[in-house]
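Going by the numbering used here, the first residue of the sequence shown is number 1, and it counts up by one from there. For each residue, glycine too, the CB sits at the ideal point set by N, CA and C. Bear in mind that the values here come from a model prediction, so they are computed numbers and not experimental data. Have a look at the structure below before the remarks.
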Amino acid sequence: MKVLVIGSGGREHALAWKLAESEKVSYVYAAPGNGGTAREAKCSNVPFADNPEGWEQLISFAKKEEIDFTVVGPEAPLAEGIADVFRNAGLAIIGADKKSAELESSKVFSKTFMKKYGVRTAVSESFSDYEKAASYAGHYFASSLKPLVIKADGLAAGKGVVIAADYNEANNALVSFMKDSTLGEAGKTVVLEEFLEGKEVSVLAAVDVKDNKGSIVPFISARDHKRRFDGGEGPNTGGMGAIAPVPDYSEKAQADFITSILQPTLEGILQEQMDYRGFIFFGLMVHEDACSLLEYNVRLGDPETQAVLPLMDFDFADLCVSILEGRLQSFDFSWKEGAVCAPVAVAGGYPGTYRKGDVISIDEKVLQDTDVKLFAAGAVLNNDDQLVTSGGRVLALSAYGTNAEEAWNKAYQAMDAVQFEGMGYRKDIGKE
Ligand code: AMP
Ligand code: GLY
């Protein structure tokens with residue numbers, strides 16, 4: 001089989017690597033890919049953009065090369081309808097259709113869906129009128145000591161959620177989103193939500209819903225670490241590292257997730273007649289073994305994918321085919337024992353303005369000795385075939401260990417073998 005992977009981040013490098021590992025896959029193309037996919041065995045990049053301008057070219061490429069199926073990494077093309085466009089062109093694609101993608105691209109849509117189908121989530125209200133939102137915030141703080149969570153309705157690349165400790169902070173965020181339009185259209189409508197206590201868990205899952213039939217099967221649990229600095233300090237980022245599985249995600253909590261979140265979500269996807277053949281991400285807050293849903297993403301998480309895929313003891317290409325053929329329910333999932341720790345190295349200045357174009361030096365022998373996989377994210381190849389930084393999150397080092405401690409040790413041994421000007425990382429991935 002030949003496969004096309006859409007996207008250019010660390011998640012897409014992991015997808016391309018895992019697909020290329022399959023004996024049934026003869027070649028993987030990444031569009032546009034990055035320096036990691038360019039170097040991966042059985043894999044190369046094609047220079048077509050993953051936005052609507054590139055779709056025509058991607059479709060002709062997929063037809064000419066007789067690509068068996070395409071896997072979409074990021075949310076933006078899904079929200080813009082890439083799955084619909086590919087399917088209309090007669091091409092097999094793994095990804096939520098435009099309607100299902102609203103579960104991620106609109107917080108109002110997803111909260112309405114959660115309430116309609118009884119998915120457990122925080123109490124919330126949505127507003128398009130600033131005065132009404134500010135008044136709701138005023139009443140909230142008059143009767144609650146907890147922070148208020150303010151969420152921009154639209155996609156905002158991780159900048160759309162503010163946790164306000166008091167009315168002033170809440171009001172500042174509302175003014176910035178709704179009046180000053182700092183997020184453009186994405187912040188014109190907001191969801192105001194009660195703050196939930198607990199620990200966050202990411203559950204990535206496969207979905208094969210079509211024609212009112214299908215299922216959702218969850219993968220092993222994972223945890224992202226969103227804050228820039230150790231101990232959960234500093235600004236939010238796209239993710240500073242992930243672990244899988246999550247040691248504090250109890251069996252009781254997992255059972256609660258199935259009944260309180262996964263099953264009603266599946267019911268909703270079926271009832272709404274979505275064509276959802278792809279992946280879904282449940283962002284959970286877990287407190288005393290009870291799960292609440294913070295958000296859906298209609299894709300795999302980044303960097304969670306870099307921690308979860310190395311634990312898969314099955315052929316990922318087979319999984320994709322079973323999704324396309326609606327056979328997920330009988331797919332034979334098996335997971336490696338052990339754990340993965342995948343810290344991310346970021347560029348100097350990230351998540352603010354950051355450096356670019358720095359050469360990344362890697363002691364490949366250390367990576368081989370520790371059996372650690374480097375997944376490139378914001379890193380491309382220069383004319384001399386060297387990996388250079390091109391984005392904020394530069395790379396992840398995914399270390400497998402027979403237990404979490406061993407994985408952590410290997411990951412940070414490998415981190416010492418990677419260097420670039422201004423490089424930063426967290427030392428407490430899996431230990432926060
Ligand atoms: P979201 O995009 O909805 O996942 O929000 C981004 C981040 O904000 C989450 O990963 C949480 O860390 C935090 N967050 C969102 N909603 C809540 C909530 N209701 N209570 C506490 N933290 C939240
Ligand atoms: N790691 C969270 C996300 O992919 O949105």
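- Task: With a threshold of 7 Å, establish whether the CB of Glu304 neighbours any heavy atom of ligand 2.
- Result: yes
- Examine the Cβ distances between the region 30–39 and the region 47–57 and report whether three or more of them are shorter than 8 Å. yes
- Please report how far the alpha carbon of Arg277 lies from the alpha carbon of Leu4, in whole angstroms. 16 Å
- Task: Indicate the three-state DSSP secondary structure (helix, strand or coil) for Ser144 in the structure shown.
- Result: coil
- Query: What separation, rounded to the nearest whole angstrom, lies between the Cα atoms of Leu293 and Asp385?
  - Reply: 44 Å
- First and last residue of the uninterrupted alpha helix (DSSP H) at Phe316: 316–324
- Query: With 16 as the cutoff for other CB atoms within 10 Å, does Gln306 come out buried or exposed?
  - Reply: buried
- Pick from Gln368, Ile429, Thr70, Arg327 that is closest to Val209, judged by C-alpha positions: Taking the Cα of Val209 as reference, the smallest distance to any Cα among Gln368, Ile429, Thr70, Arg327 is reached at Arg327.
- Which residue from Glu364, Gly231, Gly95 puts its Cα closest to that of Thr508? No answer is possible for residue 508: it lies beyond the span of the chain, which begins at 1 and ends at 432.
- Message: Need the endpoints of the beta strand (DSSP E) that Phe333 sits in, please.
- Response: No beta strand (DSSP E) contains Phe333, which DSSP labels as neither H nor E.
- Message: Going by C-alpha to C-alpha distance, which of Pro310, Phe331, Ile323, Tyr249 sits closest to Ala339?
- Response: The candidate whose alpha carbon is nearest that of Ala339 is Pro310.
- CB Ala404 to CB Phe375, shorter than 8 Å? no
- Task: Would you kindly report the start and end of the unbroken alpha helix (DSSP H) that includes Arg393?
- Result: No alpha helix (DSSP H) holds Arg393; the beta strand (DSSP E) holding it covers 393–401.
- Measuring alpha carbon to alpha carbon, tell me which of Ala101, Ala206, Arg87, Lys146 ends up nearest Val217. Ala206
- Query: Distance, Cα to Cα, Tyr130 vs Asn383?
  - Reply: 51 Å
- Query: Roughly how many whole angstroms lie between the Cα atoms of Ala377 and Arg393?
  - Reply: Their Cα atoms are separated by approximately 6 Å.
- When the Cα atoms are used, what is the spatial distance from Phe314 to Ala133? Each residue's alpha carbon lies about 48 Å from the other.
- Apart from the five residues just before and just after Glu102, which ones in its own chain have a Cβ nearer than 7 Å to its Cβ? Phe109
- Hey, quick one: how far does the alpha helix (DSSP H) through Ser105 stretch, first residue to last? Ser105 -> alpha helix (DSSP H) spans 98–105.
- Kindly give me the distance between the Cβ atoms of Leu58 and Phe127, rounded to whole angstroms, as I take these residues to be in contact under 8 Å. No, Leu58 and Phe127 are not in contact; Cβ-Cβ is about 38 Å, not under 8 Å.
- Using the rule of at least 16 other Cβ atoms within 10 Å of the residue's Cβ for burial, across every protein chain shown, is Thr189 buried or exposed? buried
- Val108 in three-state terms, based on DSSP: helix
- Message: Going by the DSSP bridge assignment, what does His287 pair with across the sheet?
- Response: Bridge pairing for His287: Ala290 [DSSP].
- Item | Identity of the residue in Ala186, Lys99, Ser398, Ala242 nearest Gln511 by Cα | What the structure shows of the chain is the stretch from 1 to 432, and residue 511 is not part of that stretch, so it cannot be assessed.
- Note down, one range per segment and in chain order, each beta strand (DSSP E) of at least 3 residues found wholly within the region 221–285. 227–229, 233–236, 241–244
- Query: Is the distance from the Cβ of Arg223 to the Cβ of Ser250 below 8 Å?
  - Reply: no
- Message: Could you pull the DSSP bridge partners for Gly424 from this structure?
- Response: The partner list for Gly424 (beta bridge, DSSP) reads Val346.
- What first and last residue would you give for the beta strand (DSSP E) that runs through Asp84? Per DSSP, Asp84 belongs to no beta strand (DSSP E); it is in the alpha helix (DSSP H), 82–88.
- Three-state secondary structure (DSSP) of Asn168: helix
- Just the Cα atoms here: how many angstroms apart are Leu196 and Ala399? Their Cα atoms are separated by approximately 32 Å.
- Query: Are the Cβ atoms of Glu66 and Leu155 separated by less than 8 Å?
  - Reply: no
- Query: Would you say Gly357 touches ligand 1, meaning its beta carbon is less than 7 Å from a heavy atom?
  - Reply: No, the beta carbon of Gly357 sits no closer than 7 Å to any heavy atom of ligand 1.
- Query: Three-state secondary structure (DSSP) at Glu193?
  - Reply: In this structure, DSSP gives Glu193 an extended state, which the three-state scheme calls strand.
- If you drop the 5 nearest sequence neighbours on each side, which residues of the same chain put their C-beta closer than 7 Å to that of Ala186? Ala152, Asp153, Gly154, Leu155, Ala156, Gly160
- Item | Residue environment, Ile258, which counts as buried when at least 16 other CB atoms sit within 10 Å | exposed
- Item | Local conformation of Gln419 per DSSP, three classes | Assignment of Gln419 by DSSP, reduced to helix, strand and coil, places it in the strand class.
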